[in-house]
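Protein chains in written order, with the numbering used here: chain A, 741 to 1051; chain B, 4 to 314; chain C, 16 to 500. Using N, Cα and C, we set each Cβ at its ideal position, and we do this for glycine too. Everything below concerns the one structure shown next.
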Amino acid sequence: MGRQLKRDSLISNTCKHKGLLMMAIPGFAMMLLFSYMPMVGLLAAFKEYDYTLGLLGSEWCGFENFRLLLESKDITIRIVRNTVLYWCLLTTVGTIMNVGIAILIYECTANKFGKYSHMIMIFPTFVSWISVSYIAKAFLNDGNGMINNILSTFGMTEISWYLTPKFWPIILLVVHVWKNCGYGSVIYLSALAGIDPSLFEAAEIDGASKPQKIRFITLPMLKSMVSINILLALGGIMHSNTGLFYQVTRNTGILYSTTQTIDAYVMNALSSGSDLGSTAAVTLFQSVIGCIMVVSVNWLVRRKDEDNALF
Amino acid sequence: MLCSNIQTSASVKNKKIKRVTFSQLLLRMFIGIVALICVLPVVLIVIVAFSSESSVAEIGFSYIPKEWSFEACRYVLKFSDQLIRAYGITIWETVFGSLLTVFITSMFAYVLSRRDFKLNKYLTKFVIFTTLFSGGMLGSYLINTNIYGLKNNLLVLILPHCVTAWNTVVMRTFVRSNVPQALIESAEIDGAGEIYTFFKIVMPIMVPVMASIGFMSAVSHWNEWQTAYLYLDSENYSTLQLVLIKIEKDIDFLRKNSGTLSTEDILALKDIPSESARMAILLFSIAPIMIAYPFFQKYFIKGITVGSVKG
Amino acid sequence: MNKFIKGLSAVLVVSMLATGLSACKKEAEKTTETSNNGSSDTLKIFFRWKNRPDCQLVAEELSKITRERIGVDVEFNFGYNSDKVSLMLASNEPMDIGMEAYATIIDRARKNAYVDITDKVRNEYKDLYNAIPEELWEGSKIDGRNYAVPTYKEFAEQWTVLVDKQVLADNNIDYTTMDELKDVEPILEALKKDPERAGFEILSTSTTHMNLVLKNKYDIVVEEFVIKRDEGEKIVHFMETPEYKEYVYMMRDWYNKGYIAKDITTRTDYTSFHNAGKAGMTFLSYHPYAEVTLGFANNADYQTIHVSPITKSNTSMMATPFGIYSKSKNVDKCLEFLQLWNTEPQVKNMITYGIEGKHYDLVNGKVRRREGALDLYKNDNSATGNMMISYLLEDEPDDKYEQFDIFNKSAIEACNLGFAPDTSSIMSKIAACENVISEYNPLLCCGAVDPDQYLESMIQGLKGAGVDKVKEELQRQYDEWKKNK
């Protein structure tokens, strides 16, 4: 059978699976129309935009628009470093938390407690970033901030959080995990919900303990989902959430050394939004780096285990 | 088969309940603490929304306000006409948008999961590419308005983000790891068409992932404001988040520019509760989607019994 | 499980139908819209303000006048921010007249977003040209051309400190000799003694108060690149001047002495100063009677202490001009309308205050707003066309516009008035400099950090961001401009 499949050509194989082709068409068409067509806009990255001439008519200007990111060595190094390091930190800890919570909730679904807990954990997803920044301020404020109140009750010296860059990687991590742990675990929960229960029964009969079951059944089932998620996220290694890095930090200058990312920098530089060329250039830059990362890491994963690779 | 499965899993559960051990207790306590951490800041939001503005001004955000007040809610309710219309638009967008997403994506993902469909080699790359490169705001805007004529058309809220690579790939991964190849092959041997196989045999197994993708898509529709801001000029088509952001911006603008305002503005300003109103605004946006949440949760935290339907 | 899918497919079918229907409905609405007022004889005007319920009503009322006078309708579009306008300009949506800001108009004009109206206003629309002082037309030129109709109001600027008269009287402070920011220290000392009063009301999130020092001796070229007004020769960066150094050390001193709120770093708005007690020392960009307005609102009787001379600068002359978009198909009608707007009190008043008898009444020739009218319609008088022909509000002094005129006439010219540098080649360097400045400057400006430590870091940062290259390029353009002047 396998040999037979190999022999039939792409076209005859496609003709054989007309049903599949039909089911793929709506999704394919939507992507073509709404993801591929707009890529024309990336041309603006290489053009000196002129409103009367339009996107296609404007003059080419080479890599002029890319200078926004590459002008000052100090700043470029800093914002790229921050973006990449935060991506690593948030993705690693975030994924661990999401998987952990999914497993814990899964173990608790026998009673209502787990369900209600998860429902509560979803709450923070709906709090807009502006409001998160207000809540963060309530905790970290100088005068009447709650953390400082606690510190002073225990006789410790108060800390000016908004003036001290070194604490911010941790603060931002906590905020990120807080906002995403419930929501991010949803996808892993659905993966767990699909596990065939007979696997557990078989393990039970073999006398496996709970930790063993998690280790040998649950985690392997999640492996491909985790791997796919990280691979997909790699494409955004140069992207950062402006809500987290711009609003929660209140764009405080003194914290830039540990909090400013590429997107936050661009937001500062192009606040009026009138420079269409530079905006496109930044988007393209981020995409190209992301693309390189995904293709190379995917290649590595593919060599180890084809099932966990993206393509 | 089905009955026996449920019976065995029930007996497994019974055994577990007898063994509500120390580790179970520890587990629950841990989940409880995580849930508490997630909910505490949200409680703060509720409390501040019902605190008086002078209390907020004096002691900041606090779990124990000096004075309670409905002023903030009353202020937000001043915009009730707009809010009701916005609820209508947003609910429409959320329901139909996420349904369409789930429907198209699940078909597409199933096709991509089929290893015997040769076109997949190219389709997968076609899908992944969209996560790496996007046209940016300019590209999408030009294409959507000039070519598709979506300006001031409500469909713009649903169509552009309908099929995303992330959703598709996650669903594909789920199908690959949870739907046995043998099941599809046996259906084919029985003479079932591709489409019949998908809807009658594969789809029931995909329910958990469909529910979670549906939920996530609903959340993103619910939080969406940028599309509405850029494409829908009429106030009548504002989505909920956009209306709320406009109210917030209004407060913000008045607050930050009081040096250059006219007398009228400054007097108007005195009547606006700012911080508490912000939190009240948040309550208006969280409540409805939280009510919808249990519906989704039912399907992705089914736990052990879900898988038993297959066979 | 099948129930879930059945339900899902049922809802999906319904949703498809509903979507289709709504699309059809939308389509139908669109066609009726275009047949009503979407014709080429409607001028679409874009404002930044928030939309209010009666905007269309006012536009319809205004259209009655314009249809009779110039044969076109007008349509108001409120709530259009800069980012959205940029995208709309790039698409093929019809747009005619737009409200601009100094920050964006230069860039957009150079990218041909606006019609060059220099010759037309001088030759064909003389009424419009004459309604606005010539110096304002000249002062709002970009590369020697007019791309927008400037807004005639107070077009000079002066930076001023305001203090409650009570404080001055109680402490016997002679304020008449104070003409620089550093002179006001005795007032702050006096304010500190009264625990109920706020001190110097500044924010760490905004550096507007830096103008109190900067505008005393310098004129701005771009961002913080300045020229000393007396000399008018060399372009320097303000952060590298001795004045700036003196200023940040002074602010640090004031912060340590307790003249500035200790929790300055987390305050986000000015009103927080007035929630707890009485007014302290505040500041503003002055125009005649501004102290009355603010004093009324803050419940204080303010004395003004001017800390910079009255100057006419590029920014003050180009505040909220109205330009005609180059994709407009009715450039002449737009100009006719702008002419009406700037010469016809009836038109100007309607755009500013709404409809008489609905939004306001005239009492002794002044505007009395009806209750709740501001929630229905609102437009800023000083940012919409020729202010000098508009009605006064009921509580405004009779001689307000005369005072404005005197204020304008007494202004001295900035040494770089009319010089709009082409920053396209140095834009990214300026952005890098701005980033360095926003890292250090806000806290230095409010005294919250030690200048010993941060001032040098900022100057080094600026060097790394290419401040010298920017100065060089600006200087080159400036010298050239001066030669040709």
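In the three-state DSSP reduction, N981(A) falls in the coil class, being neither helix nor strand. Within chain C, not a single residue places a beta-carbon under 7 Å from that of N920(A); the smallest gap is close to 26 Å.
R955(A) carries a helical assignment under DSSP once its states are collapsed to helix, strand and coil.
Classified as buried, V246(B) has 16 or more neighbouring CB atoms from the shown chains inside 10 Å of its CB. The C-beta distance from S106(C) to L233(B) rounds to 10 Å, too long to meet the 8 Å contact threshold. When beta bridges are read from the DSSP output, F215(C) appears opposite M296(C). Taking the C-beta atoms as reference points, T220(C) is found nearer than 7 Å to T283(C). Residue pairing of A163(C) in beta bridges, as defined by DSSP: G338(C).
Rounded to the nearest angstrom, the Cβ distance from A213(C) to A294(C) is 7 Å, consistent with a contact under 8 Å. Beyond the five residues adjoining it in sequence on each side, A305(C) comes within less than 7 Å, by CB distance, of L299 in the same chain, given in chain order. Residues of the region 58-71 of chain B with a Cβ closer than 8 Å to any Cβ of chain C, in chain order: A60 and E61. Between V45(B) and P864(A) a beta carbon distance of about 7 Å is seen, short of the 8 Å cut, so the two are scored as contacting.
Contact between I188(C) and I202(C) holds: their C-beta atoms lie close to 6 Å from each other, under 8 Å. Comparing alpha-carbon positions, the option among L206(C), D234(C) and P68(C) lying closest to P324(C) turns out to be D234(C). Each residue's CA atom was taken as its position, placing E172(C) and D316(C) some 22 Å apart. For N149(B), the closest Cβ of chain C is nearer than 7 Å. Residues of the region 896-926 of chain A with a C-beta less than 8 Å from any C-beta of chain C: S900, Y902 and L903, listed in chain order. Distance from the CA of V178(C) to the CA of T297(C), rounded to the nearest whole angstrom, comes to 7 Å. L58(C) is outside the set of residues whose beta carbon lies under 7 Å from a beta carbon in chain B. The alpha-carbon separation between W71(B) and V172(B) amounts to approximately 49 Å. Excluding the 5 residues flanking it on each side, E90(C) has same chain C-beta neighbours closer than 6 Å at T57, K59 and A74, in chain order. Taking all protein chains in view, the Cβ of P303(C) is crowded by 16 or more other Cβ atoms within 10 Å, so the residue is classified as buried. Shown here, L377(C) sits in a strand according to DSSP, grouped into three states. Among the residues facing chain A, N450(C) is included, as its CB has a counterpart in that chain under 7 Å away. Under DSSP, V251(C) forms a beta bridge with V241(C). Within chain A, the C-beta atoms nearer than 8 Å to that of T108(B) come from G767, in chain order. DSSP places G481(C) in the coil class of the three-state scheme, outside both helix and strand.
In chain order, I208 place their CB closer than 7 Å to the CB of N181(B), counting only its own chain and leaving out the 5 sequence neighbours on each side. For the pair H374(C) and R385(C), the CB atoms are nearer than the 7 Å cut-off. Annotation: the continuous alpha helix (DSSP H) that includes M213(B) extends over M206 to W225.
Three or more beta-carbon pairs drawn from the region 326-344 of chain C and the region 113-130 of chain C are found closer than 8 Å, and the two stretches are therefore classed as touching.
K180(C) has a beta carbon lying at 7 Å or more from every beta carbon in chain A. Between M978(A) and T832(A), the C-beta spacing is not below 7 Å. DSSP places Q1000(A) outside both helix and strand once states are collapsed to three, so it counts as coil.
Shown here, K203(B) sits in a helix according to DSSP, grouped into three states. Residue burial is scored here from C-beta neighbours: R175(B) has at least 16 other C-beta atoms within 10 angstroms and is therefore classed as buried.
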